[in-house]
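Each residue of the sequence shown is one higher than the one before, counting from 773 in my numbering.
To start, the structure under review is shown below, and the notes come after it.
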Amino acid sequence: MKKIAIIGTGLSGLTLGRDLNSIAEVTFFEKSKGVGGRLATRRVKDFSFDHGAQFFTVKTPEFREFVNSLKKKNIVERWDARFAEFQMSKLVHTKQWESEYPHYVGSPNMNSIGKYLSKDMKINLNTKIKSIDSKSNNWVVTDDKGNTHGNFDWIVLAIPPKQVIEIIPIEFKYFNELKNIKMLGCYSLLLGFNYDIQFPFDAALVREAKISWISINSSKPSRNKNFTMVVNSTNKWADENMNMSDNEVKKYLLNETTRVLNKDFSNVKIIDLQRWRYANISKQKYLKPLIDKDNRLAVCGDWCMQGRVEFAFLSSKKVIEEIVDYL
Ligand SMILES: Cc1cc2nc3c(=O)[nH]c(=O)nc-3n(C[C@H](O)[C@H](O)[C@H](O)COP(=O)(O)OP(=O)(O)OC[C@H]3O[C@@H](n4cnc5c(N)ncnc54)[C@H](O)[C@@H]3O)c2cc1C
773 MKKIAIIGTG LSGLTLGRDL NSIAEVTFFE KSKGVGGRLA TRRVKDFSFD HGAQFFTVKT
833 PEFREFVNSL KKKNIVERWD ARFAEFQMSK LVHTKQWESE YPHYVGSPNM NSIGKYLSKD
893 MKINLNTKIK SIDSKSNNWV VTDDKGNTHG NFDWIVLAIP PKQVIEIIPI EFKYFNELKN
953 IKMLGCYSLL LGFNYDIQFP FDAALVREAK ISWISINSSK PSRNKNFTMV VNSTNKWADE
1013 NMNMSDNEVK KYLLNETTRV LNKDFSNVKI IDLQRWRYAN ISKQKYLKPL IDKDNRLAVC
1073 GDWCMQGRVE FAFLSSKKVI EEIVDYL
């Protein structure tokens, strides 16, 4: 069997690994202590927050089939949220999400999806890959502790483009294309309360403010019922303030949330923050997964199509189609 290293255990890496597992020897490398990437959940004391992707929708038959298989196993559930749109602090529109155009979340948490997909896979956690080098016509990878792993016939990097650039060999055919791809940042403010707060929505899109999204996290199905909110900054504000201290960001975003919702949040019990340098990307017209068959290196992830969960999945399907004949 050919040996494949997959760097990154977000949805794109895990989808790829599961599909290739029966025809190749797959080894994962993941820099974090858990799998799932931006399909993420953080626990703080008795509170839990999906601090990455908030929900996902389904447009293509391939993804529908995949989501249906997870639904059957109770790994994803529908979130029939009361959705609202704010223009600054003015509520301008409400709508009930329902079965006609379903919105899904991982169950009981967003990171349940990664945990499920990674079962029985060979995964090296807490292992950040720092370089990829050729050795006797194969590839070896070196991690941040100086350990080398190899030899691999193929390497697939399922990570954001700026992180690819740091480690991929310069002979990669599409090296220059990667340099110009810019992902957008985002801050996620995580708020936990000892009491419930009544809002006329469970999920809200906010315009004309420095925050762009509010989820009542505890309103998602099968969640821990301690009242939690996730508030996302706009990408623009995050990119302009990426070097601000955590405390300053928390204070600023809490004030902005107060301004939009016209509520006093001074009794908040938990206030935490996630700084996403590479949160998402707008729709890419000209990109696709980058596959260098001569060098047996491939790069995929949501960013090469659109910064959405479904596209992370689809990007790895495209890699499989193209490399399967070489395995
Ligand atoms: C705040 C936020 C809100 C979002 N909301 C939505 C939403 O509502 N709906 C939606 O559809 N999408 C949303 N998204 C986007 C969605 O989360 C992504 O499209 C999707 O999860 C990306 O999956 P991926 O596998 O491409 O990448 P990732 O999930 O980023 O996976 C990459 C993995 O690679 C690892 N890694 C990186 N570099 C290295 C290295 N050198 N060595 C080892 N491991 C490495 C990372 O730790 C990570 O686990 C949101 C994202 C964010 C951040």
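Glycine included, C-beta positions come from ideal geometry on N, C-alpha and C.
When Q935, G809, P972, L1045 are compared, the shortest CA-CA separation from V1003 is found for L1045. A residue is called buried once 16 or more other Cβ atoms fall within 10 Å of its Cβ, and V839 is buried on that count.
The residue from N919, F924, M773, R810 with its alpha-carbon nearest to that of G780 is R810. For W1075, no beta strand (DSSP E) run applies, since DSSP gives it neither H nor E.
Put simply, the stretch 935-945 does not touch the stretch 782-802. Fewer than three CB pairs are less than 8 Å apart. Going by C-alpha positions, V798 is about 38 Å away from E872.
Bounds of the beta strand (DSSP E) holding F924 are 920-924.
CA-CA distance, Y1024 to I1053, rounds to 24 Å.
Under the three-state reduction of DSSP, S804 is assigned to coil, being neither helix nor strand. Short note on D1011: C-beta not closer than 7 Å to any heavy atom of ligand 1. Remark: the shortest separation between the CB of W1048 and any heavy atom of ligand 1 falls under 7 Å. If you ignore the 5 residues before and after K902, its C-beta comes within less than 7 Å of the C-beta of T914, D915, D916, I939, all in its own chain and listed in chain order.
Rounded to the nearest angstrom, the gap between the Cα atoms of N919 and I904 is 12 Å. N1052 has its CB nearer than 7 Å to a heavy atom of ligand 1.
For S784, the shortest C-beta to heavy atom distance toward ligand 1 is below 7 Å. Taking the Cβ of S879 as the reference point, every heavy atom of ligand 1 lies at 7 Å or farther away. Taking 8 Å as the cut-off, the beta carbon of A930 is found no closer than this to the beta carbon of N883. In this structure, M860 is the residue among I1043, M860, E1012, D1066 with its C-alpha nearest to the C-alpha of R1031.
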